[in-house]
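Below is one structure, written out as structure tokens; the observations come after it.
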Amino acid sequence: MSFTGVLRPGHCAIRVMEMGPALTHYIERLGMLKTGEDAEGRVYLKGWDEHDAFSIVLREADSPGLDYLGFKVLSNQDLDRLELALREHGCAVERIPAGELKGCGHRVRFQIPTGHTLELYAEKDYVGTLTGNQNPHPWPEGLKGMKVCRFDHCLLYGPNLADTADLFVNVLGFSLSERVVTPDAQMIGAFFTCSNKAHDIAFIEHAEPGKLHHASFLLNTWEEVLNAADLMSMHDIPIDIGPTRHGITRGRTIYFFDPSGNRNEVFCGDYTWYPDREPITWETEQLGRAIFYHDRKLNENFLGVVT
Amino acid sequence: MSGEFNITLADSGACFPCKQDQNVLAAMEKLGRRGIPVGCRGGGCGICRVQVVAGAGYRTQKMSRAQVSEADLAAGICLACKLIPEGDLTLRVLGLFRRDCD
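Chains as they are written, first to last, in the working numbering: chain F, 1 to 307; chain G, 308 to 409.
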């Protein structure tokens, strides 16, 4: 077995200020499927190509942002092993009982040095996809809006990036795929993968802890990114920037905001990561094209607007 | 009631019209005008923070409590993307990115 330990970002719990407009955004516009809700009023969503019960959890609150980000691990043995490793590393670790999120097994919750709350879990209800697994058609009919395949990753902003990198690489077993480095060798941006993707989570060094820069969703093609942009104008969704190309990860992308001001991305196309690769390094003097390969200049709103 | 109000930015004297039921930031953006920095446009990020310093009434829609407190609201401070004028208003721009405010 070559794929062990942490598998992928499995759920992202997002605060929204009003549930109604948020559901219109994530269901009608992004094309996610509602898979449940609970007694606390939280709503559970997944992309059409995701097999587990949910990947996005929306909660109504008086300020937007990220509650927590959960990663699925391969087995309960991995979960126990990583929980112990986190405790030995000195992280504050808490066990959340099975069922606290509907359909999810017990979760190991911990704080990371950037001020974000992360979770690991091994079990979540398997609901499959509308195409099924028996002689499936390539995609299901009747999807709405941008037809996002799946929740893919988050970019988070917070302090103590070096300690966070240590945690992700040496405790959780991620690889550093790309980094942004200042002339005095300080790492101010770091992209980590636990899979074959160019990134499963990314961080930018930022004074204020625990901030969400964006939650990202996968599309299949550049044409689908353009189609998503068209839908944003049709429905007056605020566009941040794009469609364009990233230098970092090579993704083809557009950024926009949900009705509570949480930034979303839909993107397609990165490269295949293998853990025997060397990380890519971007120098801060080239940061413009590292971020937006065509603009080639720094974009203050993209760099500074977070929830 | 007139369907359009004048929004004046106190620092620069810049002035632009805003339709009733339109938020101040959207009115500025649709005219290609500048002066108030633009962020998430959803009441979440706090970039377009302004203070109403004079005017004939306004209402606000839901904004992040992390960006606008009860005390802020009482002092006329709000986010331009959630500010709906009910008369002519004069605003002071408090948001980040002041160099956008030309």
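We put the beta carbon where it would ideally sit given N, CA and C, even for glycine.
Keep in mind that this is a model prediction, so the values were computed, not measured.
CB contact check: residue i to chain G, cutoff 9 Å
{"i": "aspartate 125/F", "result": "no"}
{"i": "glycine 145/F", "result": "no"}
{"i": "asparagine 262/F", "result": "yes"}
{"i": "asparagine 301/F", "result": "yes"}
{"i": "serine 63/F", "result": "yes"}
{"i": "methionine 232/F", "result": "no"}
{"i": "glycine 31/F", "result": "no"}
{"i": "aspartate 258/F", "result": "yes"}
{"i": "valine 6/F", "result": "no"}
{"i": "glutamate 18/F", "result": "yes"}
{"i": "valine 108/F", "result": "no"}
{"i": "proline 209/F", "result": "no"}
{"i": "methionine 1/F", "result": "A caution first: methionine 1/F carries a pLDDT of 49, below 50, which makes its placement in the model too unreliable to give a value."}
{"i": "threonine 272/F", "result": "no"}
{"i": "glycine 304/F", "result": "yes"}
{"i": "threonine 284/F", "result": "no"}
{"i": "threonine 24/F", "result": "no"}
{"i": "proline 238/F", "result": "yes"}
{"i": "threonine 307/F", "result": "yes"}
Any chain F beta carbon closer than 9 Å to residue i
{"i": "lysine 326/G", "result": "no"}
{"i": "isoleucine 329/G", "result": "The amino acid occupying residue 329/G in the given sequence is glutamine; isoleucine does not appear at that position. Output row for glutamine 329/G: interface = no."}
{"i": "cysteine 322/G", "result": "no"}
{"i": "arginine 341/G", "result": "no"}
{"i": "cysteine 385/G", "result": "no"}
{"i": "cysteine 408/G", "result": "The pLDDT assigned to cysteine 408/G is 39, lower than 50, so where the model puts this residue is not dependable; a value taken from the coordinates is nonetheless given after this. So, not an interface residue."}
{"i": "glycine 351/G", "result": "yes"}
{"i": "isoleucine 410/G", "result": "For residue 410/G there is no data in the structure shown, the boundaries of chain G being 308 and 409."}
{"i": "proline 344/G", "result": "yes"}
{"i": "serine 319/G", "result": "no"}
{"i": "arginine 372/G", "result": "yes"}
{"i": "arginine 399/G", "result": "no"}
{"i": "arginine 366/G", "result": "no"}
Secondary structure of residue i, DSSP reduced to three states
{"i": "glutamine 77/F", "result": "helix"}
{"i": "asparagine 313/G", "result": "strand"}
{"i": "glutamine 111/F", "result": "strand"}
{"i": "valine 148/F", "result": "coil"}
{"i": "cysteine 325/G", "result": "strand"}
{"i": "lysine 337/G", "result": "helix"}
{"i": "methionine 187/F", "result": "strand"}
{"i": "alanine 13/F", "result": "strand"}
{"i": "cysteine 352/G", "result": "coil"}
{"i": "alanine 373/G", "result": "coil"}
{"i": "glutamate 119/F", "result": "strand"}
{"i": "glutamate 283/F", "result": "strand"}
{"i": "arginine 277/F", "result": "coil"}
{"i": "valine 331/G", "result": "helix"}
{"i": "proline 21/F", "result": "helix"}
{"i": "isoleucine 391/G", "result": "strand"}
{"i": "tyrosine 26/F", "result": "helix"}
{"i": "arginine 399/G", "result": "strand"}
{"i": "arginine 289/F", "result": "helix"}
{"i": "threonine 386/G", "result": "At residue 386/G the sequence reads leucine, which differs from the threonine that was named. Reduced to three states, the DSSP call for leucine 386/G is strand."}
{"i": "alanine 361/G", "result": "strand"}
{"i": "leucine 303/F", "result": "helix"}
{"i": "leucine 143/F", "result": "coil"}
{"i": "leucine 380/G", "result": "helix"}
{"i": "cysteine 347/G", "result": "coil"}
{"i": "valine 6/F", "result": "strand"}
{"i": "lysine 102/F", "result": "coil"}
{"i": "aspartate 407/G", "result": "A caution first: aspartate 407/G carries a pLDDT of 40, below 50, which makes its placement in the model unreliable, though a value can still be read off. Aspartate 407/G: helix per DSSP, three-state reduction."}
Nearest-angstrom beta carbon gap, residue j and residue i [assumed within contact, 8 Å]
{"i": "isoleucine 204/F", "j": "histidine 213/F", "result": "7 Å"}
{"i": "leucine 398/G", "j": "valine 345/G", "result": "That belief does not hold up - the Cβ atoms of leucine 398/G and valine 345/G are roughly 14 Å apart, past 8 Å."}
{"i": "cysteine 149/F", "j": "asparagine 264/F", "result": "Wrong, their Cβ atoms sit about 14 Å apart, outside the cutoff."}
{"i": "threonine 193/F", "j": "phenylalanine 217/F", "result": "No, threonine 193/F and phenylalanine 217/F are not in contact; Cβ-Cβ is about 17 Å, not under 8 Å."}
{"i": "glycine 351/G", "j": "serine 371/G", "result": "5 Å"}
Cβ-heavy atom distance, residue i to the ligand SAM, below 8 Å
{"i": "tyrosine 274/F", "result": "For the ligand SAM, the structure offers nothing, since it holds no ligand at all."}
query = In chain order, which alpha helix (DSSP H) runs of at least 4 residues are fully inside the stretch 193 to 275 of chain F?
reply = 222 to 234
Can you find at least 3 beta carbon pairs, one from the stretch 113 to 129 of chain F and one from the stretch 162 to 174 of chain F, that sit closer than 8 Å?
yes
Is the number of C-beta pairs between the stretch 143 to 156 of chain F and the stretch 98 to 111 of chain F that are closer than 8 Å three or more?
-> no
Counting only runs that start and end within the stretch 30 to 95 of chain F, where is the alpha helix (DSSP H) found for 4 or more residues in a row?
76 to 89
To test your reading of the DSSP string, which unbroken alpha helix (DSSP H) runs of 4 or more residues are found completely within the stretch 153 to 189 of chain F?
161 to 166
Meets three-Cβ-pair contact criterion under 8 Å: the stretch 55 to 65 of chain F and the stretch 75 to 94 of chain F: no
- Determine contact between the stretch 180 to 192 of chain F and the stretch 88 to 97 of chain F, defined as no fewer than three beta-carbon pairs at a distance below 8 Å. no
* **At least 3 beta-carbon pairs within less than 8 Å: the stretch 358 to 368 of chain G vs the stretch 390 to 397 of chain G** => yes
- Query: Does the count of Cβ pairs from the stretch 117 to 131 of chain F and the stretch 15 to 27 of chain F closer than 8 Å reach three?
  - Reply: no
Check your understanding: Do the stretch 372 to 379 of chain G and the stretch 330 to 349 of chain G touch if we need at least three Cβ pairs shorter than 8 Å?
Key -> no
Three or more beta-carbon pairs under 8 Å between the stretch 218 to 238 of chain F and the stretch 320 to 331 of chain G, yes or no? no
Worksheet item: With contact counted as at least three CB pairs below 8 Å, one residue from each stretch, are the stretch 140 to 147 of chain F and the stretch 226 to 238 of chain F in contact?
Response: yes
Exercise. Spell out a yes or no on whether the stretch 27 to 46 of chain F and the stretch 239 to 249 of chain F are touching, meaning 3 or more CB-CB pairs, one atom from each, closer than 8 Å.
Key: no
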